[in-house]
Every structure is written in C-alpha cells, then in structure tokens.
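Everything on this sheet refers to the single structure shown next.
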Amino acid sequence: MNKEIKRNELIKEIIKLIIIEVNKYKKSLDSRGCKNKIDYKTFINIFIDKLETNLTWSRLGSIYKISKTYIHNVFCKWSDYGIFKNAFNKFLKKYHLFIDHGEAYIDSTTIFNKYGYVNSVGMNTYESKKHKSNKLSILASKNGIPLGIYIDSGNIHDLKLLINTLPKKTYFNSLYADKGYLSKKLKERLLITKKIKLIHPYKTNQKERNTQDEIDGLKRRMRIEHINNKLKQNKSLNTRYIKDLLHFESLIYLGCLKIGLQVIINNFYIF
1 MNKEIKRNEL IKEIIKLIII EVNKYKKSLD SRGCKNKIDY KTFINIFIDK LETNLTWSRL
61 GSIYKISKTY IHNVFCKWSD YGIFKNAFNK FLKKYHLFID HGEAYIDSTT IFNKYGYVNS
121 VGMNTYESKK HKSNKLSILA SKNGIPLGIY IDSGNIHDLK LLINTLPKKT YFNSLYADKG
181 YLSKKLKERL LITKKIKLIH PYKTNQKERN TQDEIDGLKR RMRIEHINNK LKQNKSLNTR
241 YIKDLLHFES LIYLGCLKIG LQVIINNFYI F
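End of the sequence shown sits at 271 in full-length UniProt numbering; the numbers just go up one at a time, nothing left out.
Next up, the structure:
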C-alpha cells in the first residue's frame, strides 16, 4: 500500500473518531445554536494542518477561505469540551485488541515555551540557556501506541508526572523507565495499587541488579524515544506557541491519535 493511500486512510479515520465526539455536543458546539456553515471535516483537516505545519490561524484562514477568528473559536470550543482528548480515548477503546499490552514504556520530553505564557511554565535548569518550557510525559505500549500523556511545568521532576500519565485502565504488568524514575515508594505504590512492576536501571552503588529479562526490556524502552521524536516532527509540538495549555494539550492528543493510527494502519490494515 503506497503512502498516499495510507495517508488518506489515516485522515479518514481521524475525522471519523473526532466527528463521533463532536456530535455528542452538537447543539452546544454549533455557533449560537445555529448549524455551522462549514462542515466538520473541513475544520478537522485545518486542525491537522495546524498540528503538522504550525501555520498561523491567519494563514490557514487564507488557505481555506474561512475567517481566522471563526477557525480559532471552533478550535478553542472543541478543546474546552475535550473533543480531542475524548477522540483519543475512543481510539484506545476501539482498537484495544490491536494494542500490545505485554509491557509499557514511559519517558518525558521538554517542549520549549515560546511566550512563557500563564499556566504550567517553568525554567528548565538542564538546558544551557534555561528556556521557559513545559515537560510532557508520555506512556506507550510495546508496539508503539501512545496510551497516556500528561503535561506540566518544565522544572518538575519526572517522578511527579508518572501517576497522572497512567490511563484510567491499565492492562500491562511491567512498566519500563529510565533512572529518573528511581523511587522505592513509587515502585511499591504502583505494585500495590495498580499491580504494575516499575522497572528501571539501578545505580552502580546499589546492591540491586536487573535480571536479564529486565535488561532486554530496558533496551526495548528506546521505542518511547522514537515516539517522542515522531510527536515532535509535528511542528506545532516541537515548540509551544499556543498560549492556553488546554488548547496546546488538544494538539498533543491529536498528535498521539495520529501516531496510534499510523501503527494500526501500517501493521494491521489489509486492503
């Protein structure tokens, strides 16, 4: 199957999942209770373009011949109603059987905040220029499908993001992380409350040692790094330009939905 067909199937499925969620709030989302003049498919295509290119609302308005204010208002309204987050959760539910829940991987990545605007902004002291930034925590399945995200200020420790990154339902028993997640209390908490074994490399001065199976699993953890890279290939997620955190988070969910569907289409679709 060539790239064009895969791309068309990807867009088609994204549109389908988002429209299901939009229709749940149709009366509230339509401007002033009136039916929108522009169909939902057009808006979704605009938002995908925004995700991938980071074009301004003004530029997107010129391309699609729609008022930039109208486009922006629709995006904000959909974000406020949790449309993109709900569509992502719908995807996880619909394609549950295609997700490899044998084990999961977690990691965080720094997203520079261009304007350093209001909620959840912190100075990342690990960067040479100490940019204002956000930290994005991502959880992914064994076959590279995002399962959960959480975004907070750039100066927060990875450990504090882990619990909030977990989805409501967890089907995996092993969670692989790097040395930044080394915590005895957290390890015990996950094992008792979630039945999840947190596996990470031990420090050289510690008595504990990883088993060979754990070492092999930690090598596979590199897959989460690849997901971070894929996510940041979307220009609007490489640097945060959107001022409101909830609206920026909506683009992240859209990016995760795109990555998850790409895995499904590449590995399981038969045409």
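Where is the CB? At the ideal position from N, CA and C, for every residue including glycine.
Discussion item. What residue range does the alpha helix (DSSP H) around F88 cover?
Written reply: I83 to K94
Is S137 near I106, with beta carbons less than 8 Å apart?
yes
**Asked** Where does the unbroken beta strand (DSSP E) through I46 begin, and where does it stop?
**Response** Run containing I46: none in the beta strand (DSSP E); it sits in the alpha helix (DSSP H), Y40 to T53.
- Which whole runs of the beta strand (DSSP E) in the UniProt domain "Transposase DDE" (135-236) are 3 residues long or more, in chain order? 146-153, 174-176 and 197-199
From the DSSP output, read off the bridge partner residues of F112.
-> S133 and T239
Next on the checklist: If you reduce the DSSP assignment to three classes, tell me which class S128 lands in.
Outcome noted: In this prediction, S128 scores a pLDDT of 41, lower than 50, which makes its location untrustworthy; the coordinate-derived value is nonetheless stated afterwards. Coil, per DSSP.
Open item on the list: Counting C-beta neighbours from all protein chains within 10 Å, is the total for S128 16 or more, i.e. buried, or is it exposed?
Closed with: For S128, the pLDDT reaches just 41, beneath the cut-off of 50, and the residue's location in the model is therefore unreliable, although a value from the coordinates is still provided. When all chains shown are included, S128 counts as exposed.
- Query: Distance, Cα to Cα, N89 vs L182?
  - Reply: 29 Å
Integer Cβ distance of G255 from L51, believed to fall under 8 Å: With 8 Å as the limit, G255 and L51 qualify as a contact, their Cβ atoms being about 6 Å apart.
ask   = From the DSSP output, which residues share a beta bridge with M64?
value = Note that residue 64 corresponds to Tyr in the displayed sequence, not to Met. Bridge partners of Y64: none, in fact.
Check your understanding: Is the segment 225-243 touching the segment 185-204 in the sense that three or more CB pairs, one from each, lie closer than 8 Å?
Key -> no
With DSSP as the reference, label I106 as helix, strand or coil. Three-state result, I106: strand.
query = Contact check, L218 vs I199 under 8 Å by CB: the rounded distance?
reply = 7 Å
Using only the alpha-carbon positions, how far apart do D178 and I252 sit? 23 Å
- Query: Thinking just about the alpha-carbon of each residue, which of H101, I163, R59 and N54 is nearest to the one in K114?
  - Reply: N54
* Considering only the beta carbon of each residue, do I83 and Y64 sit closer than 8 Å? -> no
**Request:** Identify whether H72 lies in helix, strand or coil by the three-state DSSP scheme.
**Result:** helix
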